[in-house]
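Enquirer: Residue numbers (the UniProt record's numbering): 1 to 337.
Glycine is no exception: its CB is placed at the ideal position from the N, C-alpha and C atoms.
Handing you this structure, nothing more for now.
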Amino acid sequence: MTNSVGVVIPCRNEERSIRPCIESVFNSKYQGEVMVVVVDGMSTDKTKEVVSELTSIYPNLALLENLKKSTPNGLNIGLKYLNTDVKIILGAHATVDVDFIRNNVLTLKEQSKAGCVGGIIENIYENETARRIGLAMSSPFGVGNARFRTGGQDGWVDTVAFGAYRKEVFEQIGYFDESLIRNQDDEFNYRLISNDFKIYFTDRIKSNYHVRASFKNLYKQYFQYGYWKVYVNKKVKAITSARQLFPAIFVASVYAGLILSLFHVYFFLTLLIGLSIYLLAAVTFAIMKTKKINEIFYVVYAFMILHWAYGNGYIQGILSFVILGRDPSKTSQQITR
Numbered sequence: 001m002t003n004s005v006g007v008v009i010p011c012r013n014e015e016r017s018i019r020p021c022i023e024s025v026f027n028s029k030y031q032g033e034v035m036v037v038v039v040d041g042m043s044t045d046k047t048k049e050v051v052s053e054l055t056s057i058y059p060n061l062a063l064l065e066n067l068k069k070s071t072p073n074g075l076n077i078g079l080k081y082l083n084t085d086v087k088i089i090l091g092a093h094a095t096v097d098v099d100f101i102r103n104n105v106l107t108l109k110e111q112s113k114a115g116c117v118g119g120i121i122e123n124i125y126e127n128e129t130a131r132r133i134g135l136a137m138s139s140p141f142g143v144g145n146a147r148f149r150t151g152g153q154d155g156w157v158d159t160v161a162f163g164a165y166r167k168e169v170f171e172q173i174g175y176f177d178e179s180l181i182r183n184q185d186d187e188f189n190y191r192l193i194s195n196d197f198k199i200y201f202t203d204r205i206k207s208n209y210h211v212r213a214s215f216k217n218l219y220k221q222y223f224q225y226g227y228w229k230v231y232v233n234k235k236v237k238a239i240t241s242a243r244q245l246f247p248a249i250f251v252a253s254v255y256a257g258l259i260l261s262l263f264h265v266y267f268f269l270t271l272l273i274g275l276s277i278y279l280l281a282a283v284t285f286a287i288m289k290t291k292k293i294n295e296i297f298y299v300v301y302a303f304m305i306l307h308w309a310y311g312n313g314y315i316q317g318i319l320s321f322v323i324l325g326r327d328p329s330k331t332s333q334q335i336t337r
């Protein structure tokens with residue numbers, strides 16, 4: 001018997017990208033039933049009109065409203081609406097390979113212990129800045145061992161992009177935490193693994209992600225990731241992955257070195273040596289991604305933004321959530337894309 005598959009696409013103001021996203025799903029080479037539900041976060045552009053037009057072409061396409069506008073709320077609306085064997089979460093900026101759905105279902109069948117499976121993302125860049133940022137984000141030096149960005153051997157991981165979940169996962173552990181404007185997938189995946197499910201990565205599951213980026217928004221985005229990561233850790237009472245600590249340790253070491261340098265030149269020299277080693281590593285990994293001299297600078301710059309922004313956000317999160325015991329501020333709940 002072929003598994004039924006549902007795809008949830010939360011979105012807001014995505015009139016440019018939502019059509020190719022939906023069409024790529026329905027163009028998949030999958031013999032079973034495929035249902036797509038777009039959950040719109042009160043778009044002010046023509047997103048809803050585009051989706052409504054497509055419902056006349058695709059009977060298995062539904063459009064729902066997300067009055068609260070937040071990503072986790074939109075995800076939950078869509079996931080609860082679907083009554084399919086497999087539920088896939090997809091971003092509105094994504095398009096999927098023709099075998100995307102088939103390979104997700106096949107992998108879930110092969111990996112009986114997996115509650116969630118996912119694959120690798122190939123970035124499609126809309127400008128040169130986005131492409132250079134993408135080079136940094138596809139490097140282990142930029143994002144650690146996140147295989148859905150860097151690639152790697154098939155196997156068990158702690159997260160994937162655009163995950164395909166068995167319906168039993170939601171029946172047993174519930175849905176996404178709607179208090180988490182960012183990093184809701186971190187908390188959900190931690191809960192999933194804690195309840196004896198596993199997450200499996202395979203590079204035969206392929207999707208594309210259309211990247212529109214700037215260095216300014218990259219800093220804001222990764223500051224938010226670091227900041228909200230601490231809130232997730234506090235909620236689950238655990239460090240969800242070791243790699244999250246390294247940017248914060250790096251940034252804290254720089255701050256400590258600068259302060260201690262006021263008291264003795266030894267600390268200044270130690271800081272200088274440490275930063276030189278970091279810069280050498282950044283240049284080395286940048287050269288591994290591009291041989292163009294003028295691009296190496298931009299990739300190194302993107303590395304620095306990724307680490308500095310995430311580290312600063314993480315430290316701010318520790319101060320706000322752990323030391324001062326505050327809840328997330330309204331400003332921190334504004335999403336940067």
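Below 8 Å, can you find three or more Cβ-Cβ pairs linking the stretch 311-322 to the stretch 169-177?
Expert: Taking 8 Å as the limit for Cβ pairs, the verdict is that the stretch 169-177 does not touch the stretch 311-322.
Enquirer: Taking the DSSP output, what are the residues bridged to Asp40?
Expert: Per DSSP, Cys11, Glu65.
Enquirer: Rounded to whole angstroms, what's the CA-CA distance from Gly6 to Leu258? Just pull it up for me.
Expert: Going by the C-alpha atoms only, they are around 52 Å apart.
Enquirer: Nearest-angstrom Cα distance between Gly74 and Asn13?
Expert: Each residue's alpha carbon lies about 14 Å from the other.
Enquirer: Give me the residue from Ile18, Lys237, Pro140 with the minimum Cα distance to Leu306.
Expert: The option with the nearest alpha carbon to Leu306 is Pro140.
Enquirer: Helix, strand or coil, according to DSSP, for Asp203 in the structure here?
Expert: Strand at Asp203.
Enquirer: Flag this pair as yes or no: are the beta carbons of Phe303 and Gly142 separated by less than 7 Å?
Expert: In this structure, Gly142 lies closer than 7 Å to Phe303 by Cβ.
Enquirer: Residues in the same chain with beta-carbon distance under 6 Å from Leu90, minus the five sequence neighbours each way, listed in chain order, please.
Expert: Result list for Leu90: Val7, Ile9, Phe162, in chain order.
Enquirer: Looking only at C-alpha atoms, which of Val254, Ile133, Arg166 sits nearest to Thr107?
Expert: When each option's Cα is compared against that of Thr107, the closest is Arg166.
Enquirer: Give me, in chain order, the residues of the same chain whose beta-carbon lies closer than 7 Å to that of Gly118; leave out the 5 immediate sequence neighbours on both sides.
Expert: Answer for Gly118: Phe148, Val160, Ala161, Phe162, Gly163, Ala164, Phe201, Ile205, listed in chain order.
Enquirer: In whole angstroms, what is the alpha-carbon distance linking Asn217 and Ala92?
Expert: Between Asn217 and Ala92, the C-alpha separation is close to 18 Å.
Enquirer: Per DSSP, what are the beta-bridge partners of Lys198 in this structure?
Expert: Note: Lys198 sits in a beta bridge opposite Ala114.
Enquirer: With H, G and I counted as helix, E and B as strand and the rest as coil, what does DSSP make of Thr290?
Expert: Thr290: coil per DSSP, three-state reduction.
Enquirer: Quick check on the DSSP output: the alpha helix (DSSP H) that includes Lys229 runs from which residue to which?
Expert: Here the alpha helix (DSSP H) through Lys229 covers 215-236.
Enquirer: Excluding the five sequence neighbours on either side, which residues of its own chain have a C-beta within less than 6 Å of the C-beta of Ile124, listed in chain order?
Expert: Around Ile124: Asn208, His210.
Enquirer: With C-beta atoms as the reference, is Cys21 less than 7 Å away from Thr95?
Expert: Contact: yes.
Enquirer: If you draw a straight line from the C-alpha of Asp185 to the C-alpha of His264, how long is it?
Expert: Taking the straight line from one Cα to the other gives about 44 Å.
Enquirer: Once you ignore the five residues that flank Gly144 on each side, which residues in its own chain have a CB closer than 6 Å to its CB?
Expert: So the list reads Arg243, once near-sequence residues are dropped.
Enquirer: Would you grab the beta carbon distance between Gly313 and Gln224 for me? Rounded to a whole angstrom, and I think it's under 8 Å.
Expert: Between Gln224 and Gly313 the Cβ distance is about 6 Å, and since that is below 8 Å, they are a contact.
Enquirer: Is the Cβ-Cβ distance between Ser4 and Thr84 less than 7 Å?
Expert: Yes.
Enquirer: If you follow the beta strand (DSSP E) that Phe26 is part of, which residue opens it and which one closes it?
Expert: Per DSSP, Phe26 belongs to no beta strand (DSSP E); it is in the alpha helix (DSSP H), 18-26.
Enquirer: Throw me the rounded Cβ distance for the Phe267 and Leu260 pair, which I believe falls under 8 Å.
Expert: With 8 Å as the limit, Phe267 and Leu260 qualify as a contact, their Cβ atoms being about 4 Å apart.
Enquirer: Measuring straight from C-alpha to C-alpha, what distance separates Phe285 and Arg191?
Expert: Each residue's alpha carbon lies about 34 Å from the other.
Enquirer: Taking a contact to mean a Cβ-Cβ separation below 7 Å, would you say Ala111 touches Tyr227 in this structure?
Expert: Before going on, a small fix: residue 111 reads as Gln here, not Ala. No, these two residues do not count as a Cβ contact at 7 Å.
Enquirer: Would you report the Cα separation of residue 341 and Val34, rounded to the nearest angstrom?
Expert: Summary: the structure shown does not reach residue 341, with the chain confined to residues 1 through 337, and so no result is reported for it.
Enquirer: Kindly give me the distance between the Cβ atoms of Val36 and Leu61, rounded to whole angstroms, as I take these residues to be in contact under 8 Å.
Expert: Between Leu61 and Val36 the Cβ distance is about 5 Å, and since that is below 8 Å, they are a contact.
Enquirer: Under the three-state reduction of DSSP, which class applies to Lys48: helix, strand or coil?
Expert: It is helical.
Enquirer: Going by CA-CA distance only, name the one from Ile120, Arg132, Phe26 that's closest to Lys292.
Expert: Of Ile120, Arg132, Phe26, the residue nearest in Cα terms is Arg132.
Enquirer: Determine the direct distance from the alpha carbon of Tyr255 to that of Val50, and round the result to whole angstroms.
Expert: Answer to the nearest angstrom: the Cα atoms are 49 Å apart.
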